[in-house]
Amino acid sequence: MSSPVRPPALSTSLTTTPVHAASPAGAWWRDAVIYQVYPRSFADADGDGIGDLPGITARLDHLAELGVDAVWLSPFYRSPQRDAGYDVADYRDVDPLFGTLADADALLARAHSLGLRVIVDLVPNHTSSDHPWFRAALGAAPGSPERARYLFRDGRGPHGAEPPNNWTSVFGGPAWTRVTEADGTPGQWYLHLFDTSQPDLDWSNPEVRAELEDVLRFWLDRGVDGFRVDVAHGMVKAPGLPDWDGTTAMIDGGHDGTYGSEDGATGSGSAGPMWDQEGLHDIYRSWNRVLAEYDGDRALVAEAWVEPMSRLARYVRPGEMHQAFNFAFLTTLWSGPALRAVVTGSLEANDEVGAPTTWVLSNHDVVRHPSRLGLEVPGSRPNGIGTTDPQPDAELGLHRARAASLLMLALPGSAYVYQGEELGLPEHTTLPDEERQDPAWWRSGHTERGRDGCRVPLPWEADAPAYGFSPGGRSWLSQPDVFADHALDQQRGVPGSTYELYRTALHVRRERSLGTGSLAWVSGLRTTAGDVVGDDVLALVNRDLLVVTTVGGAEAVLPRGWEPVVTSGPTRASDEGGVLVPPDTTVWAVLRD
Ligand code: NOJ
């Protein structure tokens, strides 16, 4: 659906390759910057060392001041917290750890009064094993309506002692657990693509569909602006649950940007009979109709690890979901050609269906990008980093992360910012293993450190107990000493700090409507020696802004007349007079007359 892009006149020696056309202002989610709040680690009001809803409400001003458009809250529902709330026991109530329904209403009201939209997490693939439905299923007989809400099957082999198929859990180990029947005998098996405490629902059961639609309405009635849909590519399984010899890993390392192409293979493990089944789309069409019953623009956001990009774009066709996380961008290595390929591929695939592209670098499931980018293979994506693993170069990683973030915020579409990213927070890579709570650590037999290192509570004030996270100084995961340097009060109002970089970038992004803007690649920039730059310099124009990112040791000189307005790191004048963009730096520049 691209139409010709007309970038500003650059210089006769530069050429542009249009990729994406600007669009008129539309629904808020088309160009929104959405800030992910991980409730247990954002701010703690009651002093128990675990963040809560009143803590979030009290700190919403920070997000308004930062300049984001919306907040996505990871789950805060009633849950035994076996997977940090992604194991829901009651979809219509707030876990006492986080507060009450009245606290959720107060949070929504405060956010809306600050002009912030609120998206909540919906976890439809599985419930908690503490959910009343699963308890009822355990107490009921094989073949009963109670069991039919989940995927209970008889085992294979003598006495059904073998699991019904060979699927493995994303967190490691088998994806099936055997139950004991009421008479004390070993019984059926139930499917759990994640932890044993997260039994998968059977989405071919109309009762399951009706219940989750009712849950959508429950939160829409309370005023939420949308839902981030957990495991959106997993709810429907292939008929007969056939064996599959692939693995359902928690996403392998970085890749080379070919996600955007039809034959791109990233090792994400998203192929297979448990993922990306056709029947999912009918569910999302139905949910789209539910949202359409409500006034204003409400959004469905897919957490779908699906490739290639054209396949992911099917989730955001008209009448289905509104956005899908761009994990291809997140998992791309720090390489010019790889980044160029993934940006082009993402925009082209989404333009085909008229959906905005999203961009994301960090979240609660991956190593924070300042740490990923400080690894020997920058941008590679280990599943956690521990004391005995090679440690990232913190300074270089942050330098590159600022460049990556500034590139991301220049791109047309919608961007996600994970809490603490605006402070340049690194992963906690020396978290003592005995503190780890992620089930992936246990289920992988301690081969994957898991996700605790990116979930450490935020530092607000360098000199306060728990860096201002909790009034009593408690913190459910210990915070590393380096968090003091990153605390908000050390960065607010400090020119050049990562916080001020994000704030400025978000302001300029809004002022220049970059989110609904255009993208054309620019070629022909020069090095200080006067040679044309290589593939490791990314240069693009979005509306009338020139964006240059230097990757992997490359540098570039801004074309004559262009002056920086935002820079991720120091720039200097080149000997020839133009502005030099040093390695691992992003510059936003405008043409001065
Ligand atoms: C994706 C969530 O982001 C992750 O944190 C969770 O463990 C799995 N889905 C299972 O719900």
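Take 6 as the starting number for the sequence shown in the numbering used here and just add one per residue. Idealized CB from N, CA, C, for every residue including glycine.
Query	Result
For L71, the nearest candidate out of S449, E426, E308 (CA to CA)	E426
Proximity test, S128 beta-carbon vs the ligand NOJ heavy atom, cut-off 7 Å	Going by the sequence as given, residue 128 is Val instead of Ser. The answer is yes for V128.
For C459 and G60, the rounded distance between their alpha carbons	19 Å
The ligand NOJ heavy atom lying under 7 Å from the CB of F199	yes
Cβ-Cβ distance between R303 and L225 below 8 Å	yes
Check: Y91 C-beta below 7 Å from any heavy atom of the ligand NOJ	yes
Local Cβ density within 10 Å of S18, reported as buried at 16 or more and exposed below that	exposed
Span of the alpha helix (DSSP H), counted from its first residue to its last, around T22	No alpha helix (DSSP H) holds T22; the beta strand (DSSP E) holding it covers 20-25.
V236 CB to nearest heavy atom of the ligand NOJ below 7 Å	yes
Residues of its chain near V586, where Cβ-Cβ distance is below 7 Å and the 5 sequence neighbours each way are ignored	V553, T555, E560, A561, L563, T576, V592
D370 CB to nearest heavy atom of the ligand NOJ below 7 Å	yes
Endpoints, the beta strand (DSSP E) within which L121 is located	From DSSP, L121 is part of no beta strand (DSSP E); its letter is neither H nor E.
Bounding residues of the alpha helix (DSSP H) (the contiguous stretch that carries Q495)	493-496
Counted within 10 angstroms of its Cβ, other Cβ atoms place L119 as buried (16 or more) or exposed	exposed
Alpha-carbon spacing of T252 relative to P147, whole angstroms	29 Å
Distance between D598 and F81 (C-alpha atoms, nearest Å)	52 Å
Own chain residues within Cβ distance below 8 Å of D135, not counting five before or after	S84, P85, D92, A94, S202
Nearest to S419 (by Cα), restricted to the options R514, G391, A445, G341	R514
Cα-Cα separation between R316 and D230, rounded to whole angstroms	26 Å
Nearest-angstrom Cα separation, counted from P23 out to R11	Reliability of the predicted coordinates at R11 is poor, the pLDDT of 47 falling under 50, and no value is obtained from them.
Unbroken beta strand (DSSP E) run spanning D95, endpoints	95-99
Heavy atom of the ligand NAD within 7 Å of D88 beta-carbon	With respect to small molecules bound, the structure shown includes the ligand NOJ and not the ligand NAD.
Chain-order list of residues whose beta-carbon lies under 8 Å from that of S291 (same chain, five-residue window excluded)	R214, E218
Whole-number beta carbon distance between V321 and Q282, since they are thought to touch under 8 Å	Actually they do not touch by this definition, with Cβ atoms about 17 Å apart.
3-residue-minimum beta strand (DSSP E) runs that sit fully inside the segment 114-200, ordered along the chain	122-127, 181-185, 191-196
Helix, strand or coil at E568 [DSSP, three-state]	strand
Check whether S614 and A489 have beta carbons under 8 Å apart	The shown model of the chain, from 6 to 598, leaves out residue 614, and the question about it has no answer.
Coil, strand or helix - S7 by DSSP	Its pLDDT being 39, under 50, S7 is placed unreliably by the model, and nothing is read from it.
Three-way DSSP call (helix, strand, coil) for W465 in this model	coil
Cβ pair count under 8 Å reaching 3, the segment 442-461 against the segment 365-380	yes
Runs of beta strand (DSSP E) lying entirely within the segment 213-243, each at least 3 residues, in chain order	231-234
Beta-carbon spacing of N293, G341 below 8 Å	no
Residues near V461 in its chain [Cβ-Cβ closer than 6 Å; skip 5 each side]	H433, L482, Q484
Three-state class that DSSP yields for N210 in the structure shown	coil
Anticipated Cβ contact below 8 Å, V184 with G178, distance rounded	Not a contact, Cβ separation roughly 16 Å.
The segment 41-60 / the segment 442-452 touching (three or more Cβ pairs under 8 Å)	no
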